[in-house]
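Protein chains: 2
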Amino acid sequence: MTQKKITIYDIAKEAQVSASTVSRVLDNHPSVKPEKRERVMKVVKKYQFRPNALAKGLSSAHSRMIGMLCPDVCNPFFSSIFSACEQAAFAAGYTLMLNNTFAQPEKEIAYMHKLMEQQAESLILCGGVADWRPLPEEYANTVRQCAQNLPVVSAGALPVERCYQIPLDHYDGMRQAVNYLASLGHTRIAFLHGLRCILQTQEKMRAFYETMAALKLHVHKEYVVEVMTFDEQGGYHGMMQLMSLPKPPTAVIAINDMTAIGAQQAILHKGYSVPRDFSLIGFDNTYLTYLVQPHLTSLSLDYQAYARTLIGAAVSAISGEQPKPLEVIPLTLHVKESCRRIFPLEEK
Amino acid sequence: MTQKKITIYDIAKEAQVSASTVSRVLDNHPSVKPEKRERVMKVVKKYQFRPNALAKGLSSAHSRMIGMLCPDVCNPFFSSIFSACEQAAFAAGYTLMLNNTFAQPEKEIAYMHKLMEQQAESLILCGGVADWRPLPEEYANTVRQCAQNLPVVSAGALPVERCYQIPLDHYDGMRQAVNYLASLGHTRIAFLHGLRCILQTQEKMRAFYETMAALKLHVHKEYVVEVMTFDEQGGYHGMMQLMSLPKPPTAVIAINDMTAIGAQQAILHKGYSVPRDFSLIGFDNTYLTYLVQPHLTSLSLDYQAYARTLIGAAVSAISGEQPKPLEVIPLTLHVKESCRRIFPLEEK
DNA sequence: CGCTTTGAGAAAAACGTTTTTTTGATTTTA
DNA sequence: TAAAATCAAAAAAACGTTTTTCTCAAAGCG
Chain U
699 MTQKKITIYD IAKEAQVSAS TVSRVLDNHP SVKPEKRERV MKVVKKYQFR
749 PNALAKGLSS AHSRMIGMLC PDVCNPFFSS IFSACEQAAF AAGYTLMLNN
799 TFAQPEKEIA YMHKLMEQQA ESLILCGGVA DWRPLPEEYA NTVRQCAQNL
849 PVVSAGALPV ERCYQIPLDH YDGMRQAVNY LASLGHTRIA FLHGLRCILQ
899 TQEKMRAFYE TMAALKLHVH KEYVVEVMTF DEQGGYHGMM QLMSLPKPPT
949 AVIAINDMTA IGAQQAILHK GYSVPRDFSL IGFDNTYLTY LVQPHLTSLS
999 LDYQAYARTL IGAAVSAISG EQPKPLEVIP LTLHVKESCR RIFPLEEK
Chain Y
699 MTQKKITIYD IAKEAQVSAS TVSRVLDNHP SVKPEKRERV MKVVKKYQFR
749 PNALAKGLSS AHSRMIGMLC PDVCNPFFSS IFSACEQAAF AAGYTLMLNN
799 TFAQPEKEIA YMHKLMEQQA ESLILCGGVA DWRPLPEEYA NTVRQCAQNL
849 PVVSAGALPV ERCYQIPLDH YDGMRQAVNY LASLGHTRIA FLHGLRCILQ
899 TQEKMRAFYE TMAALKLHVH KEYVVEVMTF DEQGGYHGMM QLMSLPKPPT
949 AVIAINDMTA IGAQQAILHK GYSVPRDFSL IGFDNTYLTY LVQPHLTSLS
999 LDYQAYARTL IGAAVSAISG EQPKPLEVIP LTLHVKESCR RIFPLEEK
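Residue numbers (this note's numbering), protein chains in the order written: chain U, 699 to 1046; chain Y, 699 to 1046.
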């Protein structure tokens, strides 16, 4: 199967130069005469020589690899982020190593250790345990240990000290959602939120209450429902709960698209429809919003831009640059078909 | 930021043994006395020492890394495969490196080169260019070059000689789909297929014609529609075309779930409904089938089992074992709510 | 014209492991 | 009881690069 590996020395020998000259040529180092450069390149081409990245990494102390932890790449939110980051990393000359943790602390810890062994030069944490507050002790320790050895970039959450945080503007996203629904005439607005212990939930919740207050709208206690799972199951049950109230809301904001779609299924099962009976808003604007009828209005970040920021932060931190002041990534409202205008007389 | 790296020699020194003994201890090599083993482990624990995987790989000529190429991990079919493979690989002591190629030959080639530089020990090709026939010349050459250096496992397609192929039983899947619809009384069955040049399309097409023939059912030429893109756009337009026929089909089989969902949207837009007016079947049984109403009947493989087979093939090939005879992965019909029984009097 | 600078490139050291070889002590065997 | 065999572990070589150091020749300078 495997033919004899050809090394930089073999190239050097055939080109009648030293190994270091070959190394320099491959690195586009300036101080090598065109004539020799040519001679080397010819041999490199002839054998299709490609330097061993392991040796390169070991010798130069640069693996050119960035690790990424996410709960589940089957979730379109994370796959979009990973996909965008992979491209950004490739463009920057880095490789991105993705690991699915299923939000299990033991897995996250195991993968962090593995990535450190593999000499990852930076670590990007997406969701998962990173979103929790308070953090499991052993997890926090491991992140701390990572942060001591390499720059840790946290996408959204800030698990421990010494991590670069690239926060999403959940607060403003929620503000936009509430204002949009209010502008359509809704006053009875509900929020299907995730687990309270999650950072994102807390920010959105705060924004929900404060924006409602600013609009002089009353928040019914029963309209704020905690959803146990972030998927359509959770949304389904949460919505069922809302619809069983004596006076249900007219609009529902869900913590993410999956939950919103679950809510929509509940609405359909009860014989109601969107947006006729309930207006619906999701978060993340995944392509799922285009798969349901009517298309789901949703808020999201610009995935490409976010990826560039994440990878940019990682790469500049690797090069030892000072961390830039935190820039918060804005969310944009993507208005589609799941919300309708409601008139005062319809109320009650 | 980075504290002084601690090596196997530092451990050896503090434990008063040689570096090779430390190496043996970490490898659970038998021939080292319990007393010394203990002493070494104590120091390893104390410093939380973790051996450098780059050095390990270079020295042992085993990177313990498997590369994987897929067109787009945002596609739930591929994310499911990757996720399952990552777990299987981790369990087998390997790391899985995923690269998105967007089915662009140049990207696939670039990534193959990169993976070879990184000393990947095996390469798994999922979809993308691998599904095409005929293959772009330069692509085929690169795969050939890979196959010369490491075992290449192809998930479905067989791009070139010397690749292990783990084929999916597309033929039987289509057979099941057609038989199921026929058993519900359908005779006017359509097939929204992908590009003709793709292997999968060809197999499904053959199965479609042959099964229809076996059932003595006529295939209307206009019922077999080529869809340009594998997404809901494609399905939408294909279905529109089918509905504009003077005598439209009563059941539609789509090449995958996305396409089927696009078809469903077209059906809804025309004021029809599923399964009342059209029965619908997709392929891959992604979680998308549970997000639409009614839940989409679909055919799929067992992702976990498929992943075990793929990784198993890669790992055993790495260890130099003889390739096992090709086992074809079966597809299972997941009956949900998108097909209904049709009665002879309804016909026409 | 002899001296220091400069620059190209060879040689050697380093990176942190595994693997092979060697060593020396202990046990077995004749 | 001396020679052979076994064993644990130290020492050394190897993995394939980059990086540092060294060498030598040509160029610059007073």
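Beta carbons: idealized from backbone N, C-alpha and C, even for Gly.
Bear in mind that the values here come from a model prediction, so they are computed numbers and not experimental data.
- Distance from the Cα of histidine 1032 (chain U) is smallest, within the candidate group U:Arg831, U:Pro832, U:Leu879 and U:Ala786, for U:Leu879.
- Annotation: the segment 729–809 of chain Y contains the following complete segments of the alpha helix (DSSP H) (minimum length 4 residues), in chain order: 732–745, 751–758 and 774–789.
- With a cutoff of 7 Å on beta-carbon distance, valine 851 (chain Y) and alanine 1011 (chain Y) are scored as near each other.
- Ranked by how close their Cα comes to the Cα of glycine 883 (chain U), the residues U:Leu866, U:Thr987, U:Ala1003 and U:Arg1038 have U:Arg1038 in first place.
- Looking from the CA of serine 998 (chain U), the closest CA among U:Gln802, U:Lys1034 and U:Ser729 belongs to U:Lys1034.
- Chain U has no Cβ within less than 7 Å of the Cβ of glutamate 1035 (chain Y).
- Between aspartate 955 (chain U) and threonine 984 (chain U), the CB-CB gap stays under 7 Å.
- Arginine 894 (chain U) and phenylalanine 747 (chain Y) have their alpha carbons spaced roughly 37 Å apart.
- Straight through space, the alpha carbons of serine 1014 (chain Y) and glycine 825 (chain Y) are spaced by roughly 22 Å.
- Per DSSP, glutamate 924 (chain U) is one residue of the beta strand (DSSP E) stretching across 922–924.
- Less than 7 Å separates the beta-carbon of leucine 756 (chain U) from that of alanine 753 (chain Y).
- Here the alpha carbon of isoleucine 807 (chain U) sits roughly 15 Å from the alpha carbon of serine 820 (chain U).
- For the segment 914–932 of chain Y, the residues whose beta carbon sits under 7 Å from a beta carbon of chain U are, in order, Glu930.
- For the 7 Å CB-CB criterion, alanine 713 (chain U) and valine 741 (chain U) form a contact.
- DSSP places serine 998 (chain U) inside the beta strand (DSSP E), whose first and last residues are 995–998.
- According to the DSSP assignment, serine 718 (chain U) belongs to the alpha helix (DSSP H) that extends over 717–724.
- By the criterion of a C-beta distance shorter than 6 Å, proline 1021 (chain U) is surrounded in its chain by Tyr862, once the five residues flanking it on both sides are discounted.
- According to the DSSP assignment, valine 1013 (chain U) belongs to the alpha helix (DSSP H) that extends over 1001–1016.
- Under the three-state reduction of DSSP output, serine 881 (chain U) falls in the helix class.
- Judged by their CB atoms, isoleucine 822 (chain U) and methionine 766 (chain U) are nearer to each other than the 7 Å cut-off.
- A residue is called buried once 16 or more other Cβ atoms fall within 10 Å of its Cβ, and valine 1026 (chain U), having fewer, is exposed.
- For lysine 902 (chain Y) against histidine 868 (chain Y), the beta-carbon gap comes to about 5 Å, under 8 Å, which counts as contact.
- The shortest C-alpha to C-alpha distance from aspartate 708 (chain U) to any of U:Asp770, U:Pro732 and U:Tyr745 is the one to U:Tyr745.
- Residue burial annotation: serine 761 (chain U) is buried, with at least 16 other C-beta atoms found within 10 angstroms of its C-beta.
- Any Cβ of chain Y closer than 7 Å to the Cβ of serine 971 (chain U) would place that residue at the interface, and such an atom is absent.
- If you check the CB distance, isoleucine 706 (chain U) and valine 720 (chain U) come in under 7 Å.
- Contact annotation, alanine 845 (chain Y) with arginine 831 (chain Y): C-beta distance approximately 18 Å; criterion of less than 8 Å not satisfied.
- Using a Cβ-Cβ cut-off of 7 Å, valine 741 (chain U) does not count as an interface residue toward chain Y, since no Cβ of chain Y sits closer than that to its own.
- By the neighbour-count criterion, in which 16 or more other beta carbons inside 10 Å mark a residue as buried, glycine 892 (chain Y) falls on the buried side.
- Below the 7 Å Cβ cutoff, chain U contributes Val771 as neighbours of phenylalanine 780 (chain Y), in chain order.
- Counting only Cβ-Cβ distances below 8 Å, glutamine 816 (chain U) has contacts in chain Y at Ala751, Leu752 and Thr793, in chain order.
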